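Structure first, commentary second.
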Amino acid sequence: GAVVSQHPSWVICKSGTSVKIECRSLDFQATTMFWYRQFPKQSLMLMATSNEGSKATYEQGVEKDKFLINHASLTLSTLTVTSAHPEDSSFYICSARDNRATYNEQFFGPGTRLTVL
Amino acid sequence: GNSVTQMEGPVTLSEEAFLTINCTYTATGYPSLFWYVQYPGEGLQLLLKATKADDKGSNKGFEATYRKETTSFHLEKGSVQVSDSAVYFCALRRVSGYSTLTFGKGTMLLVSP
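Line order of the protein sequences matches chains B and C.
According to our numbering, the residues represented by the first sequence are -11 to 105, in order.
According to our numbering, the residues represented by the second sequence are 321 to 433, in order.
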């Protein structure tokens, strides 16, 4: 089946620093990838839709200058949390839409736990 | 707009008990419906799906039937195991157009031996 990886799986950083999270589709091409944020005991909140070769589409209320998304190839999207603060601590999950799959099914990565001190 | 409502958890069961997790939805048109499972510390995995009315999705002993008349997609399993302990998310996706997933809030299932 389609596999999506994320790196790192967890990261701890100091307030004010930037953190980059990678999302890769390992065995398929993904024109479209999605970035979600999950707070403890809550649902996934879609942050943005990342399209290969073009600018990401951000959901309402998500700061595009704070959460930089780059989708430079059909297998890689990155999310950079700039000038991170403790309130950015969360579980970030990406998903990738398989170009070949019926109904454009999404496959999810294992998530990245970000802790900002 | 689209929305998904799930029963609040946690749902606490003994091993081999019957499981039902309710899910209802609001959507325009005819969405596809999904159940995802999230084990502790992991991302989401697709558990099952149904793409049209009266379809039954099934996997690993879990099943759910797409009920258009009641706009529901309840998850059931006849005999749960300790290893089924996880958070279960109901979700929908419009078939056409800009088809992102809309998730419910998730229901935690705790199964004790």
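Built from N, CA and C at the ideal position, the CB exists for glycine as well.
Values in this document were obtained by computation on a predicted structure and should not be read as measured data.
* Asked: What residues in the region 325 to 351 of chain C have a beta carbon less than 8 Å from any beta carbon of chain B?
  -> For the region 325 to 351 of chain C, which is checked against every Cβ of chain B, not one residue is closer than 8 Å.
* Terminal residues of the beta strand (DSSP E) in which B:PHE95 lies -> Reading the first sequence from its first residue, position 107 is the one you call residue 95 of chain B. Residues 94 to 96.
* Asked: Is the Cβ of B:PRO98 closer than 7 Å to any Cβ of chain C?
  -> Here residue 98 of chain B refers to the residue found at position 110 of the first sequence. Closer than 7 Å: yes.
* With DSSP run on the structure shown, which of helix, strand or coil describes C:GLU335? -> Stepping through the second sequence from its first residue, residue 335 of chain C is reached at position 15. The answer is coil: DSSP assigns C:GLU335 none of H, G, I, E or B.
* Asked: Of the residues C:LEU364, C:GLY424 and C:GLY363, which one's Cα is nearest the Cα of C:PHE393?
  -> Numbered from its first residue, the second sequence carries residue 393 of chain C at position 73. By alpha-carbon distance to C:PHE393, the top candidate from C:LEU364, C:GLY424 and C:GLY363 is C:GLY424.
* Asked: Is there a Cβ from chain B that is less than 7 Å from the Cβ of C:GLY321?
  -> Taking the second sequence and counting its residues from 1, one reaches residue 321 of chain C at position 1. With 7 Å as the cut-off, C:GLY321 does not count as an interface residue toward chain B.
* Asked: Using the beta-carbon of each residue, which ones in chain B are nearer than 8 Å to C:THR420?
  -> Here residue 420 of chain C corresponds to residue number 100 of the second sequence, with the count starting at 1. Neighbours of C:THR420 on chain B, chain order: PHE22, LEU34 and THR37.
* To do: Taking a Cβ distance cut-off of 8 Å, strictly less, list which residues of the region 60 to 82 of chain B are near chain C, in chain order.
  => Result list: ILE81.
* Look at the alpha carbon of C:GLN401 and the alpha carbon of C:LYS369, and state the distance between them as a whole number of angstroms. => In the second sequence, counting from the first residue as 1, residue 401 of chain C sits at position 81. In the second sequence, counting from the first residue as 1, residue 369 of chain C sits at position 49. Cα-Cα distance, rounded: 21 Å.
* **Of the residues B:LEU34, B:PHE55 and B:ALA60, the one placed nearest B:PHE22, counting alpha carbons only** => Residue numbering aside, residue 22 of chain B sits at position 34 when the first sequence is read from its first letter. That would be B:LEU34, whose Cα lies nearest to the Cα of B:PHE22.
* Return helix, strand or coil for B:GLU75, following the three-state DSSP convention. => Here the question's residue 75 of chain B lines up with position 87 in the first sequence. Note: B:GLU75 maps to helix in three-state DSSP.
* **Distance between C:PRO351 and B:ALA44 (C-alpha atoms, nearest Å)** => For the purposes of this step, residue 44 of chain B is taken as residue 56 along the first sequence, with counting starting at 1. For the purposes of this step, residue 351 of chain C is taken as residue 31 along the second sequence, with counting starting at 1. If I take the Cα positions, the gap works out to 24 Å.
* Asked: For B:GLN26, which residues of its own chain have a beta-carbon under 8 Å away from its beta-carbon, when the five flanking residues on both sides are left out?
  -> Residue mapping note: residue 26 of chain B aligns to position 38 of the first sequence, counting from 1. The answer, listed in chain order, is LEU32, MET33, SER78, PHE79, TYR80, ILE81 and GLY99.
* Please report how far the alpha carbon of B:GLN17 lies from the alpha carbon of B:GLU40, in whole angstroms. => In the first sequence, residue 17 of chain B corresponds to position 29, counting from 1. In the first sequence, residue 40 of chain B corresponds to position 52, counting from 1. Taken atom to atom, the span from the alpha-carbon of B:GLN17 to that of B:GLU40 is near 10 Å.
* To do: If I'm right that C:GLU389 touches C:THR340 with Cβ under 8 Å, what's the distance once you round it to whole angstroms?
  => Position 69 of the second sequence, counted from the start, is the residue given in the question as residue 389 of chain C. Position 20 of the second sequence, counted from the start, is the residue given in the question as residue 340 of chain C. Not really, about 18 Å apart at Cβ, beyond 8 Å.
* Where the region 356 to 389 of chain C meets chain B: residues whose CB sits under 9 Å from a CB there -> Against chain B - using a Cβ distance shorter than 9 Å - the residues of the region 356 to 389 of chain C are TYR356, GLN358, GLY361, GLU362, GLY363, LEU364, GLN365, LEU366, LYS369 and THR371.
* **CA nearest to the CA of C:TYR345, picked from C:GLY363, C:CYS410 and C:GLY329** => Stepping through the second sequence from its first residue, residue 345 of chain C is reached at position 25. It is C:CYS410 whose Cα lies nearest to the Cα of C:TYR345.
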